[in-house]
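Just so we're aligned, residue 87 is where the sequence shown starts under our numbering, counting upward by one.
Glycine included, every Cβ here is placed at the ideal spot set by N, Cα and C.
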Amino acid sequence: MKELDYAKVGARIRQIRKTKGWSQDELAKKCGITMNFIGHIERGTRKMSLDTFASLCRELEADANALLWGMTQTSDAVIRNLWKQPENADSDSYAMYIRIVKSVADIMGGCDRQESVETGENYENCV
């Protein structure tokens, strides 16, 4: 089983909190914990209880998988739907579709000196 990275969990919490325009103090009050503890959670220097985690998920309106592992069930459904799109396509359209999906996956996963599928050009540090 993959080990939980508390610093990454904290970074995701911080990112969502900032997106909502909340201070650490505001989030702490909503969750019934101290601002100091929110700071520790966001830095990954302290572990939280399941109750605190559930409270953070509720207040941030965040999926537990998104906070813990950086993935959501929604993205899984989106990916499944993307693979269904070319089912009735001709072979040329299907091949182009697959090249596009692979190119996007390379870019999203980081590429550090990959060759573009379409142009053959090299590109670096795409993430």
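Quiz item: Got a sec? Which residues, its chain only, sit under 7 Å from VAL95 by beta carbon, not counting five neighbours each side?
Solution: Residue mapping note: residue 95 aligns to position 9 of the sequence shown, counting from 1. Closer than 7 Å at the Cβ level, and outside the excluded window around VAL95, lie GLY130, LEU153, LEU154.
Quiz item: From which residue to which residue does the alpha helix (DSSP H) around SER141 run?
Solution: Counting from 1 along the sequence shown, the entry for residue 141 is found at position 55. Here the alpha helix (DSSP H) through SER141 covers 136-146.
Quiz item: Do the region 179-195 and the region 135-154 meet, that is, are 3 or more Cβ pairs less than 8 Å apart?
Solution: Contact between the region 179-195 and the region 135-154 is absent, because fewer than three Cβ pairs lie under 8 Å.
Practice problem: Could you have a look at TRP108 and say whether DSSP puts it in helix, strand or coil? | Solution: Here residue 108 refers to the residue found at position 22 when the sequence shown is read from its first residue. Coil at TRP108, not helix or strand.
Quiz item: Among LYS133, LEU142, ALA93, which residue has its Cα nearest to the Cα of GLN110?
Solution: On the sequence shown, residue 110 is found 24 positions in, with the first residue counted as 1. Comparing Cα positions, the closest option is LEU142.
Exercise. For ARG103, I'd like the list of residues in its chain whose CB is within less than 6 Å of its CB, leaving aside the five on either flank, ordered along the chain.
Key: On the sequence shown, position 17 is the one that residue 103 refers to. Excluding its 5 nearest sequence neighbours in each direction, ARG103 has C-beta neighbours in its own chain below 6 Å: LEU113, listed in chain order.
Quiz prompt | Assumed close pair ILE99, LEU146 - CB separation to whole angstroms, cut-off 8 Å | solution = Within the sequence shown, the letter at position 13 stands for residue 99. Within the sequence shown, the letter at position 60 stands for residue 146. Contact annotation, ILE99 with LEU146: C-beta distance approximately 7 Å; criterion of less than 8 Å satisfied.
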